[in-house]
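Heads up: the sequence lines are chains F and U, in that order. Numbering-wise, the first sequence is residues 7 to 121 according to our numbering. Numbering-wise, the second sequence is residues 5 to 115 according to our numbering. The beta-carbon is built from N, C-alpha and C at its ideal position, and this holds for glycine as well. Structure first, commentary second.
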Amino acid sequence: DAGVIQSPRHEVTEMGQEVTLRCKPISGHNSLFWYRQTMMRGLELLIYFNNNVPIDDSGMPEDRFSAKMPNASFSTLKIQPSEPRDSAVYFCASSPRTVRNEKLFFGSGTQLSVL
Amino acid sequence: GEDVEQSLFLSVREGDSSVINCTYTDSSSTYLYWYKQEPGAGLQLLTYIFSNMDMKQDQRLTVLLNKKDKHLSLRIADTQTGDSAIYFCAEEEVNTDKLIFGTGTRLQVFP
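Given below as C-alpha cells:
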C-alpha cells in the first residue's frame, strides 16, 4: 500500500483565494483525520470522519474551513477565503480503528503558504 | 480538557542516551503513544504503551510510564544522528478515536 497520499505537497496562494487540499487514505481504513501543524500551536486536530461521516469538527477554526469525505477513498479540506494566518502544514491521517495500537498513519502533509 | 506537555528541545551527543519527557492529564487514557516526525514528513508511530504497564522496551527504545504522576518518558539508547527529529507524545481521548498530541520535542544529535 502506498500509504496516505496528500496533494499538493506545497501550495502558495494569495490572500482571499480558495484553497483545496486533498487526501487519499489507506484502503480499508475507517477513520480519517485532518490536522494542522504550526510552530505556535503545534499539532491541532481540525476534524475527523468515521465511515465517511464527520464525527467531530470542533477543531475547525471558523466557517472559512470546510471538509468533505464523499467516499471512503477521498477527502478534501477547503479554505475559502484563505488568510495569511492559515499558513501551516496540513496533515491527513487515517486509521483502521480496529487496530488500536497502530492508531494513526500520517500523510506527508501539504505545506500551505498564504501571502 | 486534555493537555499534553513536553519540553521543546533536547540536544545530545552521538552515542549518549536521550530521554524525552511528557506529562498528560487524562488518567483514563488506555494507550499512550510516541510518534517521530522527520523533516518534511508526517508523523510515524514509534511505540506505544498500554496504561497498565510501567515499562516497555523495544530495541533501543524504552518507554516508562508513571500513572500516579501522569508522566511518560521515552529513552533512546546509543542515540544516532538519524534519530534527530521531533518526537511527539500523545494520549488517547477516552471513548473517541482522537489522539491529543503534545507540542513535540525537537531532538538534535551532534557528533
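Exercise. Would the segment 93-101 of chain F and the segment 62-80 of chain U be scored as touching if the rule is three or more Cβ pairs under 8 Å?
Worked result: The segment 93-101 of chain F makes no contact with the segment 62-80 of chain U: fewer than 3 CB pairs, one atom from each, lie closer than 8 Å.
Problem set entry | Alpha-carbon spacing of H16(F) relative to Q61(U), whole angstroms | Against the first sequence, residue 16(F) aligns to sequence position 10. Against the second sequence, residue 61(U) aligns to sequence position 57. Rounded to whole angstroms, H16(F) to Q61(U) spans 38 Å at the Cα level.
Exercise. Between the C-alpha atoms of G9(F) and K30(F), what's the straight-line distance to the nearest angstrom?
Worked result: As a first step, residue 9(F) must be located in the first sequence, where it is residue number 3. As a first step, residue 30(F) must be located in the first sequence, where it is residue number 24. G9(F) and K30(F): Cα-Cα distance of roughly 9 Å.
Problem set entry | For R70(F), three-class secondary structure by DSSP | Residue numbering aside, residue 70(F) sits at position 64 when the first sequence is read from its first letter. Of the three classes helix, strand and coil, the one that applies to R70(F) here is coil, per DSSP.
For this session: Kindly indicate the opening and closing residues of the beta strand (DSSP E) around G48(F).
Result: As a working note, residue 48(F) is residue 42 in the first sequence. Under the DSSP assignment, G48(F) falls in the beta strand (DSSP E) whose first and last residues are G48 to N56.
Exercise. Taking the runs of the beta strand (DSSP E) that are 3 residues or longer, which of them lie wholly in the segment 78-113 of chain F?
Worked result: 80-85 and 94-101
Exercise. Taking the alpha carbon of L68(U) as the point to measure from, which residue in E97(U), D7(U), T51(U) and G46(U) has its own alpha carbon closest?
Worked result: As a first step, residue 68(U) must be located in the second sequence, where it is residue number 64. Each of E97(U), D7(U), T51(U) and G46(U) was checked against the Cα of L68(U), and the nearest Cα belongs to T51(U).
Exercise. Closest to C93(U) by CA distance: which of G48(F), L121(F) and N36(F) is it?
Worked result: Within the second sequence, residue 93(U) is the residue found at index 89, counting from 1. Nearest of G48(F), L121(F) and N36(F) to C93(U), Cα basis: G48(F).
Problem set entry | D62(F) (DSSP reduced to helix, strand or coil) | Locating residue 62(F) in the first sequence gives position 56, where the first residue counts as 1. In the structure shown, D62(F) sits in a strand (DSSP, three-state: E or B).
For this session: Just tell me which of G115(F), T19(F) and S101(F) has its CA closest to the CA of G34(F).
Result: On the first sequence, position 28 is the one that residue 34(F) refers to. Here the closest residue by C-alpha is S101(F).
Problem set entry | Residue-chain proximity (S88(F), chain U), Cβ-Cβ < 8 Å | Translated into the one-based positions of the first sequence, residue 88(F) becomes position 82. No, its Cβ sits nowhere closer than 8 Å to a Cβ of chain U.
For this session: Report the partner residues of R110(U) according to the DSSP bridge assignment.
Result: Within the second sequence, residue 110(U) is the residue found at index 106, counting from 1. The partner list for R110(U) (beta bridge, DSSP) reads F13(U) and I90(U).
For this session: Return helix, strand or coil for T51(U), following the three-state DSSP convention.
Result: As a position in the second sequence, residue 51(U) is number 47, starting the count at 1. Note: T51(U) maps to strand in three-state DSSP.
Problem set entry | Integer-rounded CB distance, given that Q48(U) should sit under 8 Å from F112(F) | In the first sequence, counting from the first residue as 1, residue 112(F) sits at position 106. In the second sequence, counting from the first residue as 1, residue 48(U) sits at position 44. So it is a contact: roughly 7 Å between Cβ atoms.
Problem set entry | Contact set between Y37(U) and chain F, taken where Cβ atoms lie within less than 7 Å | Counted from its first residue, the second sequence places residue 37(U) at position 33. Per Cβ cutoff of 7 Å: K109.
Problem set entry | Cutoff 7 Å; reference L51(F); Cβ partners in own chain excluding five residues on either side | For the purposes of this step, residue 51(F) is taken as the residue at position 45 of the first sequence. If we look at L51(F) and ignore the five residues flanking it on each side, its Cβ neighbours are F39, Y41 and G65.
Exercise. Are the Cβ atoms of N90(U) and R64(U) separated by less than 8 Å?
Worked result: The residue labelled residue 90(U) in the question sits at position 86 within the second sequence. The residue labelled residue 64(U) in the question sits at position 60 within the second sequence. The displayed chain sequence assigns Ile, not Asn, to residue 90(U). In this structure, R64(U) does not lie closer than 8 Å to I90(U) by Cβ.
Exercise. What residues from chain U crowd round D62(F), counting only those whose CB sits closer than 8 Å?
Worked result: Indexing the first sequence from 1 puts residue 62(F) at position 56. Going along chain U in sequence order, the residues near D62(F) (Cβ under 8 Å) are T100 and K102.
Problem set entry | Per-residue burial, L121(F) [other beta carbons within 10 Å of its own, 16 or more giving buried] | In the first sequence, residue 121(F) corresponds to position 115, counting from 1. That one is exposed.
Problem set entry | Cross-chain neighbours of Q84(U) in chain F, by beta carbon under 8 Å | What you label residue 84(U) is simply residue 80 of the second sequence in a count that begins at 1. Within chain F, no residue comes near Q84(U); the closest Cβ sits about 23 Å away, beyond 8 Å.
Problem set entry | 8 Å Cβ cutoff, G22(F) in contact with chain U | Within the first sequence, residue 22(F) is the residue found at index 16, counting from 1. Chain U, which has no Cβ nearer than 8 Å to the Cβ of G22(F), makes this no.
Problem set entry | Straight-line gap, V23(U) to Q41(U) (C-alpha atoms, nearest Å) | Position 19 of the second sequence, counted from the start, is the residue given in the question as residue 23(U). Position 37 of the second sequence, counted from the start, is the residue given in the question as residue 41(U). Answer to the nearest angstrom: the Cα atoms are 16 Å apart.
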